[in-house]
Amino acid sequence: MRYLVNEDYSILTDFVKKLPSVFEKEGDCIYTGRNTIKTFKHKGLLINVKSFKVPHFINKIAYAWFRGSKAKHSYEYGMEILRRGANTPKPIAVVEVLKNGLFNKSYYVSVHNNYDFTIRDLIGFEFPDKENILKQFAVFTYEKLHKNGIHHLDYSRGNILITKKGNGKYDFSIVDINRLKFEKMGYLKGLKNFSQIWASEDELEIVAREYARINNRNEDEAFQLLIKFDIAHKSKIKQKKFLKATSKKWFKGQ
23 MRYLVNEDYS
33 ILTDFVKKLP
43 SVFEKEGDCI
53 YTGRNTIKTF
63 KHKGLLINVK
73 SFKVPHFINK
83 IAYAWFRGSK
93 AKHSYEYGME
103 ILRRGANTPK
113 PIAVVEVLKN
123 GLFNKSYYVS
133 VHNNYDFTIR
143 DLIGFEFPDK
153 ENILKQFAVF
163 TYEKLHKNGI
173 HHLDYSRGNI
183 LITKKGNGKY
193 DFSIVDINRL
203 KFEKMGYLKG
213 LKNFSQIWAS
223 EDELEIVARE
233 YARINNRNED
243 EAFQLLIKFD
253 IAHKSKIKQK
263 KFLKATSKKW
273 FKGQ
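Residues 23 to 276 in the numbering used here are what the sequence shown spells out, letter by letter.
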């Protein structure tokens, strides 16, 4: 087992070291899918633990000896995001388990953030103060992420947490951060980032116009560009799903 604990949370070292043996039996499950997320209460803290699925054979070798695992990336990227002044749950630790020299399981441990809703809860729905939230979302994305060279490559609905602050103000935080790049974010690349939220034209228009306004760009042009980016993104995802479904049918027929 390999592990790394944030020195600010060294009191949790024993908890971290026991995770591989207790994760399946303990904790409260809050998400299950490709990966599993559980919360644990320990020493007065509510802790979030994400267990990544066992990788395929090539990555079992790669993650063991040549490049960082998704859990390790989550920890390292989380620390860097906070250093750059953006918001993400505070990283606590990363745990990696090897079997017979091959990578097996990994866990990313962070402080559990309480939040009120995600972008997923308002996209496509009637939602109180929706236009204001989307405008503040555009500002957050530019001011906290793009200006600081943070490019979230999976900037989808469920990965943006929102907390009400009162007086029409909201805080935003990003999660699922193992797919990230720290790079210069030009205006077009930044605008294109919003295509991943899978929103309607009306919703995209609010975001595009606000993003253009704070960048001193033409709002009509920004809206048309984001619509093009959105169409291309949706087409790409649909094509991937079609090819995946087709390949499954082909293999079943063999």
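Quick reminder that beta carbons are idealized off the backbone N, C-alpha and C, glycines included. None of these values were measured; they are calculated from a predicted model.
Give the range of the alpha helix (DSSP H) segment to which residue i is assigned.
i	result
Arg231	Glu223 to Ile236
Asn81	Phe79 to Trp87
Leu213	Tyr209 to Asn215
Ser96	Lys92 to Arg105
Leu156	Lys152 to Phe162
Phe62	It is not in any alpha helix (DSSP H) - Phe62 instead sits in the beta strand (DSSP E) that spans Thr58 to His64.
So residue i and residue j are supposed to be a Cβ contact under 8 Å. How far apart are they, rounded?
i	j	result
Lys60	Phe74	Actually they do not touch by this definition, with Cβ atoms about 13 Å apart.
Gln218	Tyr177	5 Å
Gly180	Met207	Wrong, their Cβ atoms sit about 22 Å apart, outside the cutoff.
Quick one: give me the first and last residue of the beta strand (DSSP E) that residue i is part of.
i	result
Asp50	Asp50 to Thr54
Ile219	Premise fails: Ile219 is in no beta strand (DSSP E) and is neither H nor E.
Who are residue i's beta bridge partners in DSSP?
i	result
Arg24	Glu118
Ser1	Here the chain comprises residues numbered 23 to 276, so residue 1 is not present and cannot be evaluated.
Lys203	His173
Gly146	Its beta-bridge partners do not exist; DSSP assigns none.
Thr140	Leu183
Given residue i, which residues of its chain have a CB within under 7 Å of its CB, disregarding the five upstream and five downstream residues?
i	result
Gly146	Ser222
Leu68	Thr61 and His134
Lys152	Leu144
Ala244	Leu213, Ala230, Arg231, Tyr233 and Ala234
Thr35	Val27
Any heavy atom of the ligand NAD closer than 7 Å to the CB of residue i?
i	result
Thr185	Of ligands this structure carries none, so the ligand NAD is not represented either.
Only counting the same chain, and skipping five residues up and downstream in sequence, which positions put a Cβ closer than 6 Å to that of residue i?
i	result
Asn200	Lys92, His95 and Ser96
Cys51	Lys60
| query | Below 8 Å, can you find three or more Cβ-Cβ pairs linking the region 26 to 43 to the region 112 to 120? | reply | yes
| said: With three or more beta-carbon pairs closer than 8 Å as the criterion, would you say the region 123 to 138 touches the region 94 to 113? | reply: yes
| message | Any contact between the region 184 to 197 and the region 230 to 237? By contact I mean 3 or more CB pairs, one from each, below 8 Å. | response | no
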